[in-house]
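Letter by letter, the sequence shown follows residues 1 to 200 in UniProt numbering. The beta-carbon is built from N, C-alpha and C at its ideal position, and this holds for glycine as well. Report on the following structure.
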Amino acid sequence: MATRKLLTEIQSIIVSLYESFKDLTLFFHTVNHVMQVVTHVQELCAYYQISEADTFVVSTAAWFHDLGYLTVGAAGHEYKSAELAGKYLSERLPDADMLMQIQQCILATILPQRPQTILEQIICDADLYHLGTEDFFYHDGLMRKETELRVGKIDDKKWLTGSIDLLESHKFHTKYCQQNLGKKKQWNLDTLKEMLQKIE
């Protein structure tokens, strides 16, 4: 299928763009995060036996979903990412419906997440997959470092409260992630609350 070749080209382009990006303020939203999201997207697509065409859609969305960070920063980056995907793919992907699906998947990652389709559910869960893993606190630390470079120093209580709010308001949309990541996410949440209690 021609989309396989196109997906390889997309991967090469996105990785190259991140590697050439000279702004050193991104610690969480890096090419490593993007590649992890793509990996989790493909994991979920395999589990749900998503068709090759639809796997291309959501995988492409995963490659593009944070690209806006490189041009507009955090605010509104999903809209910019969808725009950049449209510019790159409009001449390479003749299927207008497929392109629209890709852009809708990107926009579905806007918080609070409200995915409408299984593909949107997959990318949303892949994007926040780390909330239910042992690596949560490592990624949370990177996110804090990135945020502080943007807005200034954040005290421990305020950061912990924000992280708790995120985990409490978040929900995994696929049963796969609910079953496989739910318990660890709850453990991470409980640990955050214990940390907050110790400093109050």
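Short of 6 Å in beta carbon distance, which residues of its chain neighbour residue i, apart from the five on each side in sequence? Order them along the chain.
| i | result |
| --- | --- |
| residue 93 | 99 |
| residue 101 | 57 |
| residue 113 | 124 |
| residue 47 | 176 |
In or out: residue i buried (at least 16 other Cβ within 10 Å) or exposed?
| i | result |
| --- | --- |
| residue 53 | exposed |
| residue 151 | exposed |
| residue 138 | exposed |
| residue 96 | exposed |
| residue 120 | buried |
| residue 109 | buried |
| residue 158 | exposed |
| residue 111 | exposed |
| residue 44 | buried |
| residue 49 | exposed |
| residue 24 | exposed |
Excluding five sequence neighbours on each side, which residues of the same chain lie with their C-beta closer than 7 Å to the C-beta of residue i?
| i | result |
| --- | --- |
| residue 82 | 103, 106 and 107 |
| residue 63 | 10, 11, 14, 34 and 38 |
| residue 145 | 27 |
| residue 160 | 192, 195 and 196 |
| residue 80 | 68, 71 and 72 |
| residue 7 | 56, 59 and 60 |
| residue 182 | 132 and 172 |
| residue 118 | 48 |
Whole angstroms are fine: how far does the CA of residue j sit from the CA of residue i?
| i | j | result |
| --- | --- | --- |
| residue 189 | residue 167 | 6 Å |
| residue 42 | residue 148 | 32 Å |
| residue 2 | residue 22 | 33 Å |
| residue 59 | residue 128 | 15 Å |
| residue 125 | residue 85 | 20 Å |
| residue 77 | residue 91 | 22 Å |
| residue 89 | residue 133 | 33 Å |
| residue 154 | residue 172 | 27 Å |
| residue 140 | residue 75 | 19 Å |
| residue 32 | residue 130 | 13 Å |
| residue 19 | residue 123 | 23 Å |
| residue 198 | residue 163 | 16 Å |
| residue 185 | residue 174 | 14 Å |
| residue 115 | residue 40 | 17 Å |
| residue 257 | residue 66 | In the structure as shown, the chain begins at 1 and stops at 200. Residue 257 is therefore absent and cannot be evaluated. |
| residue 136 | residue 4 | 32 Å |
Between which two residues does the alpha helix (DSSP H) holding residue i run?
| i | result |
| --- | --- |
| residue 42 | 31-47 |
| residue 54 | 52-64 |
| residue 76 | Unbroken run through residue 76: none, as it is neither H nor E. |
Below 7 Å, is the gap between the Cβ of residue i and the nearest heavy atom of the ligand MN?
| i | result |
| --- | --- |
| residue 197 | Among the components of this structure there are no ligands whatsoever, and the ligand MN is therefore not found. |
Leaving aside the five residues before and after residue i along the sequence, list all residues of the same chain whose C-beta is less than 8 Å from its C-beta, in chain order.
| i | result |
| --- | --- |
| residue 212 | In this structure the chain extends from 1 to 200, so residue 212 is not present and cannot be described. |
| residue 17 | 67 and 70 |
_Length-filtered (4 minimum) alpha helix (DSSP H) runs lying within the stretch 105-181_ = 118-127, 136-151 and 156-169
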